[in-house]
Amino acid sequence: MTMALEIFRAMADATRLRILALLRRMELSVGELAQVLGQSQPRVSRHVKILCDAGLAERRKEGSWVFVGVGRSDVVDPVAAALDSWAKAEPDHWAVADAARLAAVRADRAASAAAWFEGHADEWDAIRSLHVAESEVEAAMAAMLGDARVGTLIDIGTGTGRMLELFGGHARLALGIDRSSEMLRLARAKLHDMAHAELRQADLYALPLDDGAADVAILHHVLHFAQQPGAAVREAARVLAPGGRLLIADFASHDREELRLSDAHTRLGFADDQMTAWFDAAGLQTVRVETLEGGELTVKLWLGRRIGLSLREVKAA
């Protein structure tokens, strides 16, 4: 009864209902919520606190930013179902306006990241090497993936195509995905001798593959640029066949706030429990986690396997 009272109290405000609707679309910083709602950050912060106290939202401090996302599914799902049902009977004009402003926030984020990528395309490999020894990361990734042949390998956020260059030889089809046309131009120059490699311009949240089409997916130093890392993991898991593997190489949690400006990092690394939760939500079993010390930042490797039997395992059973 106490939980129900807290939830209904939290919902008894139009602004908080708007915030919950926005968070169901994507995780946002308090500043971005204020931008969409047209309200001051202190006022938005007070509303967020009430939602968090009721379990409808969760805050996560990352450097000087505070990100807000939806709360536990057992609390949020029944509320969301009720709100969706009522919305069918009475359209909400605020929802339409907020969706338009949210699109502007998405566009601002995307433009900022895209401008940086375009401006640093030629330096991208060199910038990566400044953070941590790439040779060590690549060797650890190779050990995790092994040298067995696979059908389709997809490198999400392929950049200059380094991962395809390293691991594409073990695949029948090596597919590189990137949103930046400049990056793809550089990758094409690097991979011109790899006949079975394909490069496509697409977004990591909308991969141009059918469900279960890939055997191995790689996210190499990509996730810390993602606006919605959990959604990126889910999309990568979607294209994996049962038994397929997702390998993520990225930074451990850190407090190098300046990387937001100097290198356009959206996220300051990731914790193991955070990554495991995203894997679980995406239907991936965490198979192995490795920590690579050295360099200015610590690199982590997370390997997940799509739950379910592969076609080969079904035939053998």
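Residue numbers (the UniProt record's numbering): 1 to 317. Ideal Cβ positions, reconstructed from N, Cα and C, are used throughout, including at glycine. Quick caveat, the model's predicted, so the values are computed rather than measured.
Residue range L240 to F251 is occupied by the beta strand (DSSP E) that includes L247. Contact annotation: E290 and L301 have beta-carbon atoms nearer than 7 Å. Annotation: H220 is outside any alpha helix (DSSP H); the continuous beta strand (DSSP E) that includes it extends over A214 to H220.
DSSP places F67 inside the beta strand (DSSP E), whose first and last residues are W65 to V70. For Q201, the uninterrupted beta strand (DSSP E) run begins and ends at A197 to Q201, by DSSP. Of M144, L184, A206 and G69, the smallest CA-CA separation from G159 is found for L184. Three or more beta-carbon pairs drawn from the stretch 247-255 and the stretch 266-284 are found closer than 8 Å, and the two stretches are therefore classed as touching. Nearest Cα to D13 within the set I50, A148, A187 and L186: I50.
T2 counts as exposed, since fewer than 16 other beta carbons sit within 10 angstroms of its beta carbon. Burial check for A171: the Cβ neighbour count within 10 Å reaches 16 or more, so the residue is buried. Under the Cβ criterion (8 Å, minimum of three pairs), the stretch 68-82 does not count as touching the stretch 236-246. In the DSSP assignment, G31 falls within the alpha helix (DSSP H) that extends over V30 to L37.
Along the length of the stretch 140-176, whole alpha helix (DSSP H) runs at least 4 residues long occupy 162-167, reported in chain order. Boundaries of the beta strand (DSSP E) harbouring Q285: L284 to L292, taken from the DSSP string.
Segment contact: the stretch 194-205 against the stretch 150-165, three or more CB-CB distances shorter than 8 Å; contact assigned. G69 is positioned such that its CB atom lies closer than 7 Å to that of E27. At the C-beta level, V222 and W278 stay beyond 7 Å of one another.
The beta carbons of R59 and C52 sit about 6 Å from each other, so the pair counts as a contact at 8 Å. Your pair L22 and L145 does not check out as a contact, with CB atoms roughly 38 Å apart and the cut at 8 Å. Annotation: V30 to E235 spans about 26 Å, alpha carbon to alpha carbon. G168 places its beta carbon less than 7 Å from that of A197.
The C-beta distance from A213 to T152 rounds to 6 Å, short enough to meet the 8 Å contact threshold. With fewer than 16 other CB atoms across the displayed protein chains lying within 10 angstroms of its CB, V96 is exposed.
Annotation: R46 to I19 spans about 12 Å, alpha carbon to alpha carbon. If you look at R306, you'll find it in the beta strand (DSSP E) that goes V299 to R306.
In this structure, L303 and L247 form a Cβ contact; the two beta carbons are roughly 5 Å apart against a cut-off of 8 Å. Contact check for A237 and L284: beta-carbon distance about 5 Å, within the 8 Å limit, so the pair qualifies. Contact check for E134 against L166 fails: the beta carbons are separated by 7 Å or more. Membership of S45 in the alpha helix (DSSP H) is indicated by the continuous run Q41 to D53. C-alpha of R106 to C-alpha of A282: approximately 23 Å in a straight line.
Taking I7 as the centre and dropping the five residues before and after it, the same chain places the C-beta of A54, G55, L56, V75 and V79 closer than 8 Å to its C-beta, in chain order. Scanning its chain for C-beta atoms nearer than 6 Å, with the 5 sequence neighbours on each side dropped, one finds around G161 the residues G176, A187, K190 and L191, in chain order. In the three-state scheme derived from DSSP, where H, G and I count as helix and E and B as strand, R267 is classed as coil.
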